[in-house]
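Here UniProt numbering is used: the first residue of the sequence shown is 1, the next is one more, and so on.
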Amino acid sequence: MASTAFTPHNAHFTIDESSQELGQENKHAQDFNRFKLTQRDLGSMSVIGTLTKVEHGKWGPSNKPACLLCFRFQFQKGNAKLFRFEKAFIVIEFQARPPTHPKDDPAVLRYGPKRLQSVGTTATESWQYTIELSATVGIGPVQAGPTVEFGRQIIYDRHYAETIESDDWGNRRHSRPNCVRIWLREDEKQKDGIPLELLACVVVETTARSFQANVSVKVDSFFNLIAWPWSKDDPLLLEPGVNFGTPIREKTGETDFSSLTADEWRQLVTPDLHFRHEIVNPS
């Protein structure tokens with residue numbers, strides 16, 4: 001029998017579609033106020049964007065229709081030891097739906113946080129070797145406490161993030177801004193990464209027609225490169241009168257968003273780097 005060792009063979013491969021990174025999709029054309037906006041995973045690391053609030057109201061003495069939208073962005077480091085999120089760039093762009101002339105796009109009226117800069121907190125790190133007469137605690141390094149016997153104490157200023165900045169923007173075709181850009185950068189000296197969470201809020205002037213928000217979150221280029229491919233996320237679909245989440249004020253009638261106080265804004269956006277927002281149940 002002739003040998004077939006060198007006979008060409010056709011190899012058939014099956015691609016596992018479930019292993020690919022997929023963008024967040026709308027279920028149908030009426031899938032308004034989608035909770036999950038975007039998610040990118042790499043091992044135990046994740047970048048997640050969600051919608052926490054949509055409230056329709058008005059703006060100023062003219063009572064122009066307006067909409068308040070709140071977002072939550074998470075930058076989870078997980079168990080990663082050699083990698084951290086050093087920076088992030090978030091873009092929230094508003095468009096008429098379906099997209100038409102730029103003059104029909106919602107205009108940005110107010111947003112936050114405008115700027116946050118950590119001043120650092122003084123933390124005391126002290127590692128000690130001590131002996132405990134206990135069945136559960138033996139000999140080894142433990143955090144300093146009332147049973148410290150000897151060791152060395154280190155005091156240093158710990159910064160969680162250097163700056164969080166945002167600004168409005170619109171291309172040359174827009175006479176008014178229809179976009180908010182947000183930059184997060186770690187402290188250059190501490191090099192401890194950006195905050196685990198950012199809460200952002202935008203108020204836009206609307207009309208009686210549907211509109212949409214395109215949300216983009218970019219982090220360090222290395223994370224984006226090795227976690228590729230990612231498909232593009234669908235835009236967030238919004239409809240006048242369709243609210244989501246808890247209203248900012250407990251009262252009847254439309255809220256005038258131009259009258260929001262500093263305390264109310266403090267509840268909407270990240271007031272400090274240790275604030276955590278209550279998770280919204282998407283159901």
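Where is the CB? At the ideal position from N, CA and C, for every residue including glycine.
Query: Span separating the alpha-carbon of residue 239 from that of residue 93; Result: 16 angstroms
Query: Whole-angstrom C-beta distance between residue 88 and residue 215, which should lie under 8 angstroms; Result: Contact doesn't hold; Cβ gap of about 13 angstroms is too wide.
Query: CB-CB length for residue 43 against residue 231, believed under 8 angstroms; Result: Contact doesn't hold; Cβ gap of about 20 angstroms is too wide.
Query: Identified DSSP bridge partners for residue 46; Result: 41 and 76
Query: Residue 259 classed as buried or exposed, judged by whether at least 16 other C-beta atoms fall within 10 angstroms; Result: exposed
Query: One or two residues paired with residue 117 in a DSSP bridge; Result: 163
Query: Length of the line joining the Cα atoms of residue 205 and residue 164; Result: 25 angstroms
Query: Rounded Cβ spacing between residue 196 and residue 95 (contact assumed at less than 8 angstroms); Result: With 8 angstroms as the limit, residue 196 and residue 95 do not qualify as a contact, their Cβ atoms being about 30 angstroms apart.
Query: Beta-bridge pairing of residue 197 - partner residues as DSSP gives them; Result: 74
Query: Beta-bridge partners of residue 66, as assigned by DSSP; Result: 57 and 205
Query: Which residues DSSP lists as bridging residue 184, in chain order; Result: 88 and 164
Query: Segment contact, 8 angstroms Cβ cut-off, at least three pairs: the region 244-256 with the region 49-65; Result: yes
Query: Among 115, 211, 117 and 74, nearest to residue 30 - alpha-carbon criterion; Result: 211
Query: Exposure label - residue 166; buried when at least 16 CB within 10 Å; Result: buried
Query: Three-state secondary structure assigned by DSSP to residue 266; Result: helix
Query: Residue from 222, 186 and 263 whose Cα sits closest to the Cα of residue 117; Result: 186
Query: Residue 214: first and last residue of the uninterrupted beta strand (DSSP E) it sits in; Result: 211-219
Query: Straight-line Cα distance separating residue 91 from residue 98; Result: 20 angstroms
Query: Backbone secondary structure at residue 103 - three-state DSSP; Result: helix
Query: Cβ neighbours of residue 246 in the same chain (closer than 6 angstroms, five flanking residues each side left out); Result: none
Query: Classification of residue 262 by the beta-carbon crowding that lies within 10 angstroms, buried from 16 upward; Result: exposed
Query: C-alpha gap between residue 194 and residue 74, whole angstroms; Result: 10 angstroms
Query: Reduced DSSP category for residue 135 - H, G, I as helix; E, B as strand; rest coil; Result: Bear in mind that a pLDDT of 39 at residue 135, under 50, signals an unreliable position, so the number given afterwards is only what the model happens to contain. If DSSP states are grouped into helix, strand and coil, residue 135 belongs with coil.
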